[in-house]
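Residue numbers (this note's numbering): 3 to 345.
In structure tokens:
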């Protein structure tokens with residue numbers, strides 16, 4: 003009798019515990035559009051706090067903990083395997099740094115919530131690792147059913163991150179597993195761009211070549227417009243001309259000064275103990291992103307092309323953002339993207 007009571011109590015406890023959880027489920031797939039070059043996905047969970055968050059669900063607004071069905075590694079690796087054909091030469095490693103939900107204010111029956119996400123991916127070959135991609139950001143949502151929206155979009159966040167990873171070429175430099183514990187610090191301590199006092203003049207087509215201080219070979223001559231801005235570079239060797247447009251350049255270094263290509267043209271890059279940065283604002287270095295109103299908008303309304311409305315709207319926003327406060331905007335040491343984490 004005692005044994006039966008004990009079993010019933012355990013089953014009751016399991017049911018109660020399950021009722022207190024909201025499980026993350028697969029949405030869509032993690033298939034590699036270029037073909038399965040990765041035979042498997044492994045997740046290294048480096049989150050300091052493994053708890054994702056708690057939110058109210060259902061009509062009764064019962065608070066539940068958002069969880070993976072098993073571990074992050076088991077969930078994502080199975081999802082990847084289910085999404086891709088067998089084969090592949092390399093292993094794909096995802097280092098999960100942060101996954102945290104927070105609920106915000108409610109206004110007009112809609113509630114705000116954020117999903118903090120930070121992860122890195124690496125190609126694994128034997129016992130060596132090569133960097134692919136990193137994302138460190140906060141996704142914001144607003145809805146009447148905010149908890150459901152957040153839980154359904156967590157797998158979407160991972161899917162978008164993986165989709166971007168699949169487009170990336172692995173770094174030429176390989177590291178050991180020890181470097182993965184704090185890869186950003188490793189890069190700053192071992193990349194020529196960060197450790198050298200004098201950088202090499204020349205043209206850099208991407209962030210990786212800049213990191214490793216490997217400019218394009220050959221003598222390129224800059225062409226400039228009436229304002230003195232670089233518009234292209236030309237190399238003339240053995241009767242053959244090689245032209246590089248400004249839009250193809252990540253950056254160039256001239257007389258020891260760094261100039262990075264931005265939405266508004268080339269801007270000088272400075273360096274301090276924290277890293278490389280520009281003195282600018284979002285409006286000058288990046289094109290404004292389409293608002294929720296303008297995404298996917300098209301067609302005609304009352305004889306007016308709706309698409310034009312969003313273009314004008316974005317232009318107004320862009321000009322307004324260009325008047326924002328000038329500040330230090332750092333270049334992410336891993337991706338070369340702009341770091342707005344301090345905003």
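Where a beta carbon is used, it is the ideal one built from N, C-alpha and C, also for glycine.
Model, not experiment: these values are computed from the prediction.
C-beta contact flag for residue i and residue j at 8 angstroms
| i | j | result |
| --- | --- | --- |
| residue 215 | residue 198 | yes |
| residue 149 | residue 71 | no |
| residue 78 | residue 185 | no |
| residue 260 | residue 202 | no |
| residue 101 | residue 45 | no |
Rounded straight-line distance, which links the Cα of residue j to that of residue i
| i | j | result |
| --- | --- | --- |
| residue 47 | residue 213 | 27 angstroms |
| residue 270 | residue 252 | 12 angstroms |
| residue 243 | residue 31 | 45 angstroms |
| residue 180 | residue 50 | 18 angstroms |
| residue 28 | residue 63 | 24 angstroms |
| residue 103 | residue 159 | 12 angstroms |
| residue 334 | residue 236 | 29 angstroms |
Cutoff 8 angstroms; reference residue i; Cβ partners in own chain excluding five residues on either side
| i | result |
| --- | --- |
| residue 114 | 105, 106, 107, 108, 142, 143, 144 and 148 |
| residue 250 | 207 |
| residue 234 | 224, 225, 245, 246, 247 and 248 |
| residue 24 | 57, 59, 66, 67, 68, 69, 149 and 153 |
Coarse secondary structure for residue i, derived from DSSP in three states
| i | result |
| --- | --- |
| residue 106 | strand |
| residue 125 | strand |
| residue 338 | coil |
| residue 136 | strand |
| residue 29 | coil |
| residue 49 | coil |
| residue 285 | helix |
| residue 148 | helix |
| residue 327 | coil |
Own chain residues within Cβ distance below 7 angstroms of residue i, not counting five before or after
| i | result |
| --- | --- |
| residue 330 | 279 and 281 |
| residue 163 | 121 and 137 |
| residue 39 | 90, 91 and 92 |
Residues near residue i in its chain [Cβ-Cβ closer than 6 angstroms; skip 5 each side]
| i | result |
| --- | --- |
| residue 138 | 120 |
| residue 177 | 131 |
| residue 2 | Because the chain here runs from 3 to 345, residue 2 falls outside it and cannot be looked at. |
| residue 94 | 40 and 43 |
Checklist line | Ranges of the alpha helix (DSSP H) found wholly within the stretch 56-89, counting only runs of at least 4 | finding: Within the stretch 56-89, the complete alpha helix (DSSP H) runs of at least 4 residues are 74-85.
Item checked: Every unbroken alpha helix (DSSP H) within the stretch 201-273, with a cutoff of 4 residues, ordered by chain -> Segments of the alpha helix (DSSP H) lying fully in the stretch 201-273: 209-213.
Next item on the list: Entirely within the stretch 153-192 and at least 4 residues each: give me those alpha helix (DSSP H) ranges in chain order.
Entry: Segments of the alpha helix (DSSP H) lying fully in the stretch 153-192: 185-192.
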